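K.L.:
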Amino acid sequence: MKQLITFIRKEFLHVFRDRKTLLMLFGLPIAQIVLFGFALSNEVKNSKIAVTDYSKDPVTTQLIDKISSSTYFNIQRNLNSAQQIEAAFKKGDIRMAIIFPANFSTDLTRTGKATIQVIADASDPNLATTITNYITRIVGDFNTQSALSTGQPLQILPEVQMLYNPELKGAPNFVPGVMALVLMLVCTMMTSVAIVKEKELGTMEILLVSPFKPIYIIISKLTPNLLISVVNLFVILLLSALFLDLHVKGSTLLLVFCSILFILTSLSIGLLLSINAKTQQSAMMASLMGMMLPTMLLTGFLFPIENMPWPMQVLANLVPSRWYFIIVKRVMLKGMGFGAVWKETLILAGMCLLLFAISLRRFKIRLQ
Amino acid sequence: MSSTTSPPVITTEKLTKRFGQFTAANELTFQVSKGEIFGFLGANGAGKTTAMRMLCGLLKPSSGKATIAGFDVYTQTEKIKKSIGYMSQKFSLYDDLTVSENIRFYAGIYGMSRPKIKEKTKELLEELQMEKEAKTLVSELPLGWKQKLAFSVSIVHEPDIVFLDEPTGGVDPVTRRQFWDLIYNASDRGVTVFVTTHYMDEAEYCNRVSIMVDGVIAALDSPTRLKQQFGRDNMEEVFYELARKATRQGD
């Protein structure tokens, strides 16, 4: 036990001495969150739109005021004919046009119902979807508000049918992905590099000649990485709560438990990689190429797995992050309990045990 | 250094290691006495490393017998591990740890107590005259110092036997000479030194030398007697005489 503590302390010294790597380890989740959360946000601001008002009544004026006051839109100019609108679209001056028909106010006063026409430049489908959704929301808000103030229910219906993104946020989908990616990368790479480093240095031979047990070597190598990864996990959760307004809806305890399971799985993969790698570079490359790409592609957070051809779907089942991603989405975003994720947890636990057993066995065989 | 009167700490009898069809070490039989400096020579691929790994308990022999510090290499490897030290040509120190942290670590994994480690560290730094460098990172030390430190660290747990695998690779002759002073000190304290080397001047420093050719021990005696036996002036020529008969390719 005392020997084990000596070894673990040494591992921590390695970690803290290597400032650059340490910076990278903790910088990675922060950079990812910032990158995905802000720079690569799906949110669209200051889109140029045109508003054509054939009705020109108090209701349309109010609604146009409301639209222009939002930060999403930048109302360019008032275009007064279909030709002008078409020309503006062709030139790329506007992304969307909103047209209030001439009979808007008469319809509204007579039947309490009226429609507005929303035309979006769908050459950028994502953008079109997003901004038409904003308009739908704004008009919906307007309806509710006027219903409250006048007591008269208004039904202004924007004539668009677009995909559904209820919260109009990009964050929910990527945070679980970032968690899977960061944890996988840090755990796998750090572990494999840490062990291969001993081989390169020649210190592994000394350790094998010493009475120190191989299982202790493994435990000592895994401990600091486990700790760093748990810290990383909390950093990611904290950042998303503070800056992305994304809180853990379900049980944090369950999330942390499943995360640790995933971390241990990744550590075991790192261990397995280290057994075959001869140099730190090859260990690093194996972790990057062997782990990062499958994690990015087959986890389901960049590309939906359901749309993949079946061989890829089968392959995706073998990627641990895929199951972890499902767990995080359900627990963190949807607030589901253990009952909803027990299958995935079980699969992850199975993978973890299997990988650890294999790497432990192979590690021992190598010593013979 | 009376190698004949002390009891043997390494005994092998027809110790053999085969990898499939290939016999890396063939029926090695020799004894090494307590406190002796035993040179283990051979060209690359002659089977030195295989033999050494069997003696260290890293490799299971295919056949034959061997005891290290009185323990059997088949059944008592854990006890052997506690009784031996090991140093390779890579020096095996952690560059990003300080001198005293390296000492503490290696003493620690052998299960030495804290006060004992403190005492040993002080003693060791004094012997190496490195008291001022205790808190220096190993990466900042000159090569010769690293090598001497690595040797001292390999015997910090006071083993019966220390195995040195080409410990002086890439080190200049002056530093090598100083390094051998450390080896003599250890030997005087009763530590048996088992050393492989490619430098024939070092072979002259050994009490006895064995020369391996193609997996078998081709010659084994004191350097003086070997020179007489082969009618040569120095070990270099003796070694060449034997090694050129090798049919195996080095790696």
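Protein chains in written order, with this note's numbering: chain U, 141 to 508; chain H, 21 to 271.
From the three backbone atoms N, C-alpha and C, an ideal C-beta is built for every residue, glycine too.
All of these numbers come straight from a predicted model, not from anything done at the bench.
#1: Considering only their Cβ atoms, is the gap separating Thr192(U) from Leu219(U) smaller than 9 Å?
#2: Round the Cβ separation of Ile335(U) and Leu144(U) to the nearest angstrom and send it over; I've been treating them as touching at under 8 Å.
#3: If you draw a straight line from the alpha carbon of Glu256(H) to that of Gly67(H), how long is it in whole angstroms?
#4: Could you tell me the distance, in whole angstroms, from the CA atom of Ser242(H) to the CA atom of Met330(U)?
#5: Closer than 7 Å by C-beta to Ile510(U): which residues in its own chain qualify, once you throw out the five before and the five after it? Chain order, please.
#6: Suppose contacts are defined by Cβ-Cβ distances below 9 Å. Is Leu438(U) in contact with Met452(U) by that definition?
#7: Just the chain U side, please: which residues come within less than 8 Å of Ser53(H) by C-beta, in chain order?
#8: By the three-class DSSP mapping on this structure, what secondary structure does Tyr106(H) have?
#9: With DSSP run on the structure shown, which of helix, strand or coil describes Ala89(H)?
#10: Which whole-angstrom value is the C-beta distance of Ile215(U) and Ile239(U), which I expect to be below 8 Å?
#11: Cβ atoms of Asp234(H) and Met72(H): under 9 Å apart, would you say?
#12: Any C-beta of chain H within less than 9 Å: which residues of the region 445–471 of chain U qualify?
#13: So that I know if they touch, is there some Cβ in chain H lying closer than 9 Å to that of Arg157(U)?
#14: Quick one: what does DSSP say Ala423(U) is sitting in, helix, strand or coil?
#15: Could you give the distance in angstroms between the alpha-carbon of Gln172(U) and the alpha-carbon of Val375(U)?
#16: Return the bridge partner residues of Asn215(U) from the DSSP annotation.
#17: Got a sec: which bits of the region 335–368 of chain U sit with their beta carbon under 8 Å from any beta carbon on chain H, in order along the chain?
#18: Out of Thr249(U), Leu401(U) and Ser422(U), which one is the CA nearest neighbour of Thr200(U)?
#19: Given that a residue counts as buried once 16 or more other Cβ atoms are within 10 Å of its Cβ, and exposed if not, what is Phe156(U)?
#20: Let's test the definition: count the other Cβ atoms within 10 Å of the Cβ of Tyr274(U) and tell me whether it reaches 16, buried, or not, exposed.
#21: For Ile57(H), collect the residues of the same chain with a Cβ closer than 6 Å to its Cβ; drop the 5 residues on either side in sequence, then sort them by chain order.
#22: Of all the alpha helix (DSSP H) runs that stay within the bounds of the region 176–233 of chain H, which reach a length of 4 or more residues?
#23: Listing by chain order, which chain H residues have their CB less than 7 Å from the CB of Thr419(U)?
#24: Pick out whichever of Glu153(H), Thr267(H), His177(H) and Phe39(H) has its Cα sitting closest to the Cα of Gly128(H).
#25: Taking Cβ positions, are Leu341(U) and Ile357(U) nearer each other than 9 Å?
#26: Is the Cβ of Met74(H) closer than 9 Å to any Cβ of chain U?
#27: Let me know the secondary structure DSSP gives Asn365(U) once reduced to three states.
#28: Under 8 Å Cβ to Cβ from Thr211(U), same chain only, skipping five residues before and after it: list those, please.
#29: Roughly how many angstroms separate the alpha carbons of Ile259(U) and Ala222(U), rounded to a whole number?
#30: So which residues of chain H does Lys160(U) contact, with C-beta pairs closer than 8 Å?
#31: Quick check on this structure: which residue in Lys160(U), Met344(U) and Gln202(U) has the alpha carbon closest to the alpha carbon of Gln285(U)?
#32: Count the other CB atoms within 10 Å of the CB of Trp463(U); is the residue buried (16 or more) or exposed (fewer)?
#33: Does the Cβ of Pro460(U) have 16 or more other Cβ atoms within 10 Å, making it buried, or fewer, making it exposed?
#34: Under 9 Å, Cβ to Cβ, is there at least one residue of chain H near Lys142(U)?
#35: Taking Cβ positions only, does Met107(H) come closer than 9 Å to chain U?
#36: Decide if Lys272(U) is buried, meaning its Cβ has at least 16 other Cβ atoms within 10 Å, or exposed.
P.N.:
In terms of the structure at hand:
#1: One-based indexing of the first sequence puts residue 219(U) at position 79. One-based indexing of the first sequence puts residue 192(U) at position 52. At a Cβ-Cβ threshold of 9 Å, Leu219(U) and Thr192(U) count as neighbours.
#2: Here residue 335(U) refers to the residue found at position 195 when the first sequence is read from its first residue. Here residue 144(U) refers to the residue found at position 4 when the first sequence is read from its first residue. That pair is no contact at about 16 Å.
#3: Taking the second sequence and counting its residues from 1, the one referred to as residue 256(H) is at position 236. Taking the second sequence and counting its residues from 1, the one referred to as residue 67(H) is at position 47. About 19 Å.
#4: As a position in the second sequence, residue 242(H) is number 222, starting the count at 1. As a position in the first sequence, residue 330(U) is number 190, starting the count at 1. Going by the C-alpha atoms only, they are around 50 Å apart.
#5: The structure shown does not extend to residue 510(U), since chain U is modelled only from 141 through 508, so no value can be given for it.
#6: On the first sequence, position 298 is the one that residue 438(U) refers to. On the first sequence, position 312 is the one that residue 452(U) refers to. Cβ distance < 9 Å, so Leu438(U) and Met452(U) count as in contact.
#7: As a working note, residue 53(H) is residue 33 in the second sequence. Going along chain U, no residue has its Cβ under 8 Å from Ser53(H), so there is no contact; the nearest lies around 22 Å.
#8: Along the second sequence, one-based indexing puts residue 106(H) at 86. Strand, per DSSP.
#9: Here residue 89(H) refers to the residue found at position 69 when the second sequence is read from its first residue. In the structure shown, Ala89(H) falls within a coil segment according to DSSP collapsed to helix, strand and coil.
#10: Counted from its first residue, the first sequence places residue 215(U) at position 75. Counted from its first residue, the first sequence places residue 239(U) at position 99. Not really, about 13 Å apart at Cβ, beyond 8 Å.
#11: The residue you call residue 72(H) lines up with position 52 of the second sequence. The residue you call residue 234(H) lines up with position 214 of the second sequence. No, the Cβ-Cβ distance between Met72(H) and Asp234(H) is not below 9 Å.
#12: Hits within the stretch: zero.
#13: Sequence index remark: in the first sequence, residue 157(U) carries index 17 (1-based). With respect to chain H, the C-beta atom of Arg157(U) has a partner C-beta closer than 9 Å.
#14: Taking the first residue of the first sequence as position 1, residue 423(U) is located at position 283. Collapsing the DSSP output to three states places Ala423(U) in a helix.
#15: The residue labelled residue 172(U) in the question sits at position 32 within the first sequence. The residue labelled residue 375(U) in the question sits at position 235 within the first sequence. About 11 Å.
#16: In the first sequence, the residue the question calls residue 215(U) occupies position 75. What sits at residue 215(U) in the sequence shown is Ile, not Asn. DSSP output for Ile215(U) lists Ile189(U) as bridge partner(s).
#17: Answer set for the region 335–368 of chain U: Leu341, Gly342, Thr343, Glu345, Ile346, Leu347, Leu348, Val349, Ser350, Pro351 and Phe352.
#18: Numbered from its first residue, the first sequence carries residue 200(U) at position 60. With distances taken between Cα atoms, Thr200(U) lies closest to Thr249(U).
#19: Position 16 of the first sequence, counting from 1, holds the residue named residue 156(U). The residue in question, Phe156(U), is exposed, as its Cβ has fewer than 16 Cβ neighbours within 10 Å.
#20: The residue you call residue 274(U) lines up with position 134 of the first sequence. It is buried - the Cβ of Tyr274(U) has at least 16 other Cβ atoms within 10 Å.
#21: Here residue 57(H) refers to the residue found at position 37 of the second sequence. Taken in chain order, the residues that qualify are Ser207, Val213, Cys226 and Asn227.
#22: DSSP assignment within the region 176–233 of chain H yields the following whole alpha helix (DSSP H) runs of 4 residues or more, N-terminal first: 193–208 and 220–225.
#23: Start at 1 with the first residue of the first sequence, and residue 419(U) comes out as number 279. The premise fails here: Thr419(U) is roughly 14 Å from chain H at the closest Cβ pair, so nothing lies under 7 Å.
#24: Taking the first residue of the second sequence as position 1, residue 128(H) is located at position 108. In terms of CA proximity to Gly128(H), His177(H) leads the group Glu153(H), Thr267(H), His177(H) and Phe39(H).
#25: As a working mapping, residue 341(U) is identified with position 201 in the first sequence. As a working mapping, residue 357(U) is identified with position 217 in the first sequence. No, they are not a contact pair.
#26: If you number the second sequence from 1, residue 74(H) lands on position 54. Not closer than 9 Å to any Cβ of chain U, the Cβ of Met74(H) fails to qualify, so no.
#27: For this step, residue 365(U) is matched to residue 225 along the first sequence. Asn365(U) falls in the helix class under three-state DSSP.
#28: One-based indexing of the first sequence puts residue 211(U) at position 71. Excluding positions up to five away in sequence, the list reads Lys185 and Asn186.
#29: Stepping through the first sequence from its first residue, residue 259(U) is reached at position 119. Stepping through the first sequence from its first residue, residue 222(U) is reached at position 82. Looking at the two C-alpha atoms, the distance is approximately 11 Å.
#30: By one-based count along the first sequence, residue 160(U) stands at place 20. Near Lys160(U) there are no residues of chain H at all, since even the closest Cβ is about 12 Å away, more than 8 Å.
#31: In the first sequence, the residue the question calls residue 285(U) occupies position 145. Ranked by Cα distance from Gln285(U), the options Lys160(U), Met344(U) and Gln202(U) are led by Gln202(U).
#32: To locate residue 463(U), count along the first sequence from 1; it is residue 323. Classification of Trp463(U): buried, given that the 10 Å Cβ count is 16 or more.
#33: As a working mapping, residue 460(U) is identified with position 320 in the first sequence. Around the Cβ of Pro460(U), a 10 Å sphere holds 16 or more other Cβ atoms; the residue is buried.
#34: Translated into the one-based positions of the first sequence, residue 142(U) becomes position 2. Lys142(U) counts as touching chain H.
#35: Here residue 107(H) is taken as the residue at index 87 of the second sequence, counted from 1. For Met107(H), the answer is yes, since a Cβ of chain U falls inside 9 Å of its Cβ.
#36: Indexing the first sequence from 1 puts residue 272(U) at position 132. Checking the sequence shown, residue 272(U) turns out to be Thr, not Lys. Looking at its Cβ environment, which holds 16 or more other Cβ atoms inside 10 Å, Thr272(U) is buried.
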